[in-house]
Amino acid sequence: MEQPFTVNSLKKLAAMPDHTDVSLSPEERVRALSKLGCNISINEDITPRRYFRSGVEMERMASVYLEEGNLENAFVLYNKFITLFVEKLPSHRDYQQCAVPEKQDIMKKLKEIAFPRTDELKTDLLRKYNIEYQEYLQS
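What the sequence shown shows, in the UniProt record's numbering, is residues 1 to 139, in sequence order.
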């Protein structure tokens, strides 16, 4: 008798790794989280100013997640923050004309907070996932 497909088996078949799957290597799990953080798009009808204001809130929420010990959500949100302001928003049609104080604030937060914290979180997550992976291999 054949076993029915489970969500996890379907995800593996679709090559869509899940960061909660302890049978994956630590690197694969972090890569899956990174992909979640890169999944972002911009709307040309929304002004860059609104994105900058939202970015301030994104960074604040990522800090809250970090303080609460929710490493995965903090990592994903910092990745979204970086992706939005480094890769996506500069291609917005009104980006070059946008000269708002929030823009300078965001650029400063990218350099001083988002990039360093993302690197630290990646290291912490790899360490955490390695422990979980070793426990999985021993069971």
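All C-beta atoms, glycine included, are put in the ideal place defined by N, C-alpha and C.
Asked                                                                                       : Found
Three-state class that DSSP yields for G69 in the structure shown                           : coil
Residue of S25, A32 and G55 minimising C-alpha distance to Y136                             : S25
Member of V56, P101, N70 and I106 whose CA lies at the smallest distance from the CA of V86 : I106
Contact check, L77 vs A62, beta carbons under 8 Å                                           : yes
Whole-angstrom distance between P90 and T20, CA atom to CA atom                             : 33 Å
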